[in-house]
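Participant: In my numbering, the protein residues as written are 520 to 1096. One structure follows; several queries about it will come next.
Laid out in C-alpha cells, this is it:
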C-alpha cells in the first residue's frame, strides 16, 4: 500500500511484491482489482482477483512476485476479460479442474465476506458501544451505537488512531500493558461513562483491544440500582434478612479466583470447572509457591461440597507422632495429655466438605496405608476409639515432589498413588508463564493496598521490566511477598527499579549457563511488552488529564499528580505538552 505525502492512501501493488501479499490486500480491503506499479512508480496495469485466482489455480507459488506474473502477460495496460483468457501460463491442470478450483476459491472468498458482514451486523445490533483497535491503536471496527454516541460516521473513524476519535481513551495503553480494565470510569463529552477495555491476546502477544461502552452515562447505573432496590423491597422478609447479613463485598470464588491469562492458566481453569462436577480425588502438582491451595479452594467453591468446610492439612508440618491424631481425631484418655472429651480429626471436620492434603509426598508410609483405607472404605476411627464414623469427604491432594519416582524407590505406596491420581492438574512455574506476571502484580498490588487502606501504587517501566526478567524461584508466594514489601517500604505512589529488592536486581548475575540466557531472551521476545513506552504513554496521559482537570493551572496539576512544580515542567518539556 502506497501512502502519499498528504496522508491519502492509494492501494497499489509493486512489481516486487508477492502473490501472497496480493491475496492479503484483496481480502483486507474487499476490492475487485488493484493497480500495479513498476519500480518508477508508474502504473503498468491492473491485477484483478480473477487473474489472481487463476494464477493460484495454475500452481503459481504464493512467493512468486507480481513482476514474474506480469512477464507472461501480452500487454501492460488494463486487462479485459477477453485478454485475461489469453494470458499465457504454464498450466499444469486440466480446464475442468481449473474451473473447479476457481469456483471453490470464489466460494471461500464469498464465505469470508459473508462472515465479515454477519459480524458487522452483530456489532451494530448491540446496545453497547464497541470499538476494536489493532496493535498500533488504529480503529479497525466501531459499531453503530458508538458512532451515534460520538456523533461521527463509521468511515470517518476507521483507520484513525483511537485517541483521535474517542476522548480520554486508554485503549492504546491497555494494548501496551496487556492488563484488562473492567468497570473503569471515563469522561466523554463531559459525561461520566463506565467502560471495559479488554486486550486481545494471540500466541503470547497483544494484537489489539476491544473497548466497550457499557453504560451511556452513570444515570443508567442509578436506574438499574433503583430497579434492584425495588425488587429487593418486593422480596420476602426472610430474603431481606439474608441479604443484610451477607457481606457487601463481592467474593471472588471458583475458577475466577485463579489470576492469569496465559494458555496454561486457561487450561487449568477449564480443568477446575470439570473436576468440580464430580467427587473424584484430585492430585495437584507443581513447585512450591505456585498456588496449589488456591486451586484446591477453587475446586471446592465450584463443587457440590461448597456448603461444607474446606479443611487444609500440611502433611509436612505436623510431627509424625501427632499426624494420626490430627487427621483422625482421638478419644478421651487415648494417650497422656489427651484433651478431655477427645477431639475430632481433620477428616471429621471436613465431613460434607473438602479435605486438602498438602505436601502428601512427605507423609510417612505407615500413615499412607491408613489414608488409603479411609479413602476406600469412607470410614474413620479415632485414636483410642472403637466405633467407626461414616464420611462423605472430597479429597484433594497436592505435592511438589515427583510421586512416580517415589513409587519406584519404594518411598510412596503405589496403591495410594493410583487412588489419588484420578484427576491430575499440574501448575507450571511462574517463569514458564511470564505473560501472567503483569496480571498477578496488578491484582495483588490492588488487594494489598486495599487491605492496608493505602492508595494504590504503580510500577515504572524499568521496575516492571526487572520484575518480568526475574525468574521467581519462589513463584507466586514470592511475588506476593515482594509486592507486600514494596507497599510497606516505598513512600511514593511510583515504584522505581531501585526500590526493588537487591536479589531481583542482581538476578542476572546468577544465570547458570547460556541456555538459560537464551531461554530468557526468547520469553521476553514472546511477551513483546515494551514497558518503557507503556509507562511513558501512561504518564503522558495522566499529566494531560491533570492539566485538563486543573483547567491549565500547572501548580494545581502538580499538586494533584503529587509532584513538585519543577518536576512537572521537566515532564511537560519531555512529552512536548
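Where a beta carbon is used, it is the ideal one built from N, C-alpha and C, also for glycine. Treat the numbers as computed from the prediction; the structure is a model and nothing was measured.
Indicate the three-state DSSP secondary structure (helix, strand or coil) for residue 833 in the structure shown.
Facilitator: In this structure, residue 833 counts as strand in the three-state DSSP scheme.
Participant: If distances are taken between C-alpha atoms only, which option among 961, 896 and 884 comes closest to residue 925?
Facilitator: Nearest of 961, 896 and 884 to residue 925, Cα basis: 884.
Participant: State buried or exposed for residue 880, treating a residue as buried only when at least 16 other CB atoms are found within 10 Å of its CB.
Facilitator: Buried, since its Cβ has 16 or more Cβ neighbours within 10 Å.
Participant: Assuming residue 999 contacts residue 963 under a Cβ cut-off of 8 angstroms, what Cβ separation, rounded to an integer in Å, is found between them?
Facilitator: Contact holds; Cβ gap of about 5 angstroms.
Participant: Taking the beta strand (DSSP E) that residue 580 belongs to, which residues open and close that run?
Facilitator: Careful: residue 580 lies outside any beta strand (DSSP E) and carries neither H nor E.
Participant: Mind checking whether residue 817 and residue 781 have CB atoms under 9 angstroms apart?
Facilitator: No.
Participant: Measure the C-alpha to C-alpha separation of residue 565 and residue 539 and round it to an integer number of angstroms.
Facilitator: The alpha-carbon atoms of residue 565 and residue 539 are separated by roughly 16 angstroms.
Participant: So the candidates are 648, 1003, 889 and 982; which of them puts its Cα closest to the Cα of residue 972?
Facilitator: The shortest C-alpha separation from residue 972 is found at 1003.
Participant: Given a cut-off of 9 angstroms on the beta-carbon distance, is the pair residue 955 and residue 916 in contact?
Facilitator: No. Outside cutoff.
Participant: With contact counted as at least three CB pairs below 8 angstroms, one residue from each stretch, are the region 986–994 and the region 935–954 in contact?
Facilitator: The region 986–994 is in contact with the region 935–954.
Participant: Within the same chain, show all residues whose beta-carbon is closer than 8 angstroms to that of residue 1076, passing over the 5 residues directly before and after it, in chain order.
Facilitator: Closer than 8 angstroms at Cβ, skipping near neighbours: 1062, 1065, 1066, 1068, 1069 and 1087.
Participant: Under the three-state reduction of DSSP, which class applies to residue 702: helix, strand or coil?
Facilitator: Three-state DSSP puts residue 702 in a strand.
Participant: When you compare only the Cα positions, how much space is there between residue 1089 and residue 1059?
Facilitator: About 12 angstroms.
Participant: Using the rule of at least 16 other Cβ atoms within 10 Å of the residue's Cβ for burial, across every protein chain shown, is residue 688 buried or exposed?
Facilitator: The residue is buried, with at least 16 neighbouring Cβ atoms inside 10 Å.
Participant: So, at 6 angstroms on beta carbons, what are the nonlocal neighbours of residue 714 in its own chain, with the 5 sequence-adjacent residues on each side left out?
Facilitator: Result list for residue 714: 703, 705 and 732, in chain order.
Participant: For residue 715, which residues does DSSP report across the bridge?
Facilitator: Partner(s): 731.
Participant: So which of 674, 831 and 835 has the shortest CA-CA distance to residue 919?
Facilitator: For residue 919, the nearest C-alpha among the options comes from 835.
Participant: Taking the runs of the beta strand (DSSP E) that are 3 residues or longer, which of them lie wholly in the region 913–986?
Facilitator: Counting whole runs of 3 or more residues, the region 913–986 contains the beta strand (DSSP E) stretches 913–918 and 942–945.
Participant: Less than 6 angstroms between C-beta atoms, sequence neighbours within five positions excluded: which residues of the same chain meet that for residue 651?
Facilitator: Here the set comprises 659, 660 and 729.
Participant: Looking at the strands, I want to know which residues DSSP matches up with residue 848.
Facilitator: BP columns for residue 848 point to 863.
Participant: Just the Cα atoms here: how many angstroms apart are residue 1094 and residue 529?
Facilitator: In a straight line, the C-alpha of residue 1094 is about 32 angstroms away from that of residue 529.
Participant: Contact between the region 807–825 and the region 965–980 is defined here as three or more beta-carbon pairs at a separation below 8 angstroms; is this criterion met?
Facilitator: No: the two stretches stay apart, fewer than three of their Cβ pairs being nearer than 8 angstroms.
Participant: Just tell me which of 784, 590 and 562 has its CA closest to the CA of residue 574.
Facilitator: Nearest of 784, 590 and 562 to residue 574, Cα basis: 590.
Participant: Going by DSSP, name the residue or residues bridged to residue 554.
Facilitator: DSSP lists 565 as partners of residue 554.
Participant: Does DSSP classify residue 897 as helix, strand or coil?
Facilitator: Here residue 897 sits in coil by DSSP.
Participant: Going along the chain, which unbroken runs of the alpha helix (DSSP H) with 4 or more residues stay wholly within the region 787–828?
Facilitator: If we require 4 residues or more, the alpha helix (DSSP H) runs fully inside the region 787–828 come out as 811–820.
Participant: Report back the beta-carbon spacing between residue 946 and residue 811 to the nearest angstrom; my notes put them in contact at under 8 angstroms.
Facilitator: Rounded, the Cβ-Cβ distance is 6 angstroms, consistent with contact.
Participant: Of the residues 848, 894, 910 and 942, which one's Cα is nearest the Cα of residue 815?
Facilitator: The option with the nearest alpha carbon to residue 815 is 942.
Participant: By DSSP, does residue 688 sit in helix, in strand, or in coil?
Facilitator: Correct three-state label for residue 688: coil.
Participant: Classify residue 542 as helix, strand or coil using the three-state DSSP reduction.
Facilitator: Helix.
Participant: Rounded to whole angstroms, what is the Cα-Cα separation between residue 627 and residue 957?
Facilitator: Answer to the nearest angstrom: the Cα atoms are 40 angstroms apart.
Participant: Indicate the three-state DSSP secondary structure (helix, strand or coil) for residue 1014 in the structure shown.
Facilitator: Here residue 1014 sits in strand by DSSP.
Participant: If you reduce the DSSP assignment to three classes, tell me which class residue 1067 lands in.
Facilitator: In this structure, residue 1067 counts as helix in the three-state DSSP scheme.
Participant: Closer than 6 angstroms by C-beta to residue 534: which residues in its own chain qualify, once you throw out the five before and the five after it? Chain order, please.
Facilitator: So the qualifying residues of the chain are 557, 585 and 586.
Participant: Starting from residue 659, follow the beta strand (DSSP E) in both directions and report where the run begins and ends.
Facilitator: Residues 658–661.
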